[in-house]
Every structure is written in C-alpha cells, then in structure tokens.
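Data block below; observations after.
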Amino acid sequence: MVNICKKCGSNNIIMNGKQANGKQKYHCRTCGCYRTFGKDFFYSEEKKEEILRAYKERPSLRGLTRIFGVSKTTVISWLKKKSSN
Ligand SMILES: [Zn+2]
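Numbering (my numbering), first residue to last: 3 to 87.
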C-alpha cells in the first residue's frame with residue numbers, strides 16, 4: 003500500500019503514533035504537516051498504476067478525480083516521481 007499525504011500528495015511520510023480515538027497519525031517530511039490518516043490516504047500499487055494508465059490515455063486530472071476519487075496533488079506527485087526516475 004502507498005501512503006499519501008493528504009496535503010501535498012507526497013508519500014514521504016512517517017507514522018507518528020495514534021490519537022486517543024485510535025486513529026493513526028502521520029508526519030509528512032515533504033510539507034511538514036501532522037495529520038490523521040483517512041481511508042483515502044491508502045492506494046495499492048495496482049490502483050496507482052491503474053490511475054496513471056488512465057491518465058496516459060486521457061490526461062484529465064478532473065476526470066481522474068471524479069472517477070477514482072484521487073486528489074489532483076496526489077496524481078501530480080506520482081507523475082513527478084515517475085518522470086524523475
Ligand atoms: Zn505533505
């Protein structure tokens with residue numbers, strides 16, 4: 003699974019303990035924020051590839067947001083990472 007920062011879309015994050023209600027907290031080393039995980043933070047590698055494939059066929063971030071419920075910043079950070087490899 004890929005853990006994604008809700009704020010900046012980076013996956014450069016570390017676990018930062020749990021809140022009293024049991025929710026997992028994280029600290030993002032890219033933007034420096036402290037947040038709580040929600041279900042939309044987790045993507046499998048398969049899902050990620052599927053989304054990137056869909057973007058290749060039809061490069062519409064708005065479309066991806068609607069179809070997959072993925073945030074624009076997340077997709078952009080994946081694309082940046084891919085092109086820098
Ligand atoms: Zn971040």
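Where is the CB? At the ideal position from N, CA and C, for every residue including glycine. Note that this is a predicted model, so its numbers are computed, not measured.
Whole-number beta carbon distance between residue j and residue i, since they are thought to touch under 8 Å
| i | j | result |
| --- | --- | --- |
| THR75 | GLY24 | Not a contact, Cβ separation roughly 27 Å. |
| LYS82 | LEU54 | That belief does not hold up - the Cβ atoms of LYS82 and LEU54 are roughly 12 Å apart, past 8 Å. |
| LYS9 | CYS30 | 7 Å |
| CYS7 | THR38 | Not quite, the Cβ-Cβ distance comes to about 12 Å (not below 8 Å), so this is no contact. |
Residue i in three-state terms, based on DSSP
| i | result |
| --- | --- |
| ILE16 | strand |
| THR76 | helix |
| THR38 | strand |
| LYS27 | strand |
Residues near residue i by beta carbon distance below 8 Å, same chain, minus five either side
| i | result |
| --- | --- |
| ILE69 | ALA56 |
7 Å CB neighbourhood of residue i in its chain, flanking five on each side removed
| i | result |
| --- | --- |
| ILE78 | GLY11 |
| TRP80 | LYS50, LEU54 |
| VAL72 | ILE53, LEU66 |
| LEU63 | LYS74, VAL77 |
Close-in-space but distant-in-sequence residues of the same chain around residue i (CB under 6 Å, 5 per side omitted)
| i | result |
| --- | --- |
| ILE16 | HIS29 |
| CYS35 | LYS9 |
**Asked** Around ligand 1, what residues have a beta-carbon under 5 Å from a heavy atom of it, in chain order?
**Response** CYS7, LYS9, CYS10, SER12, CYS30, THR32, CYS33
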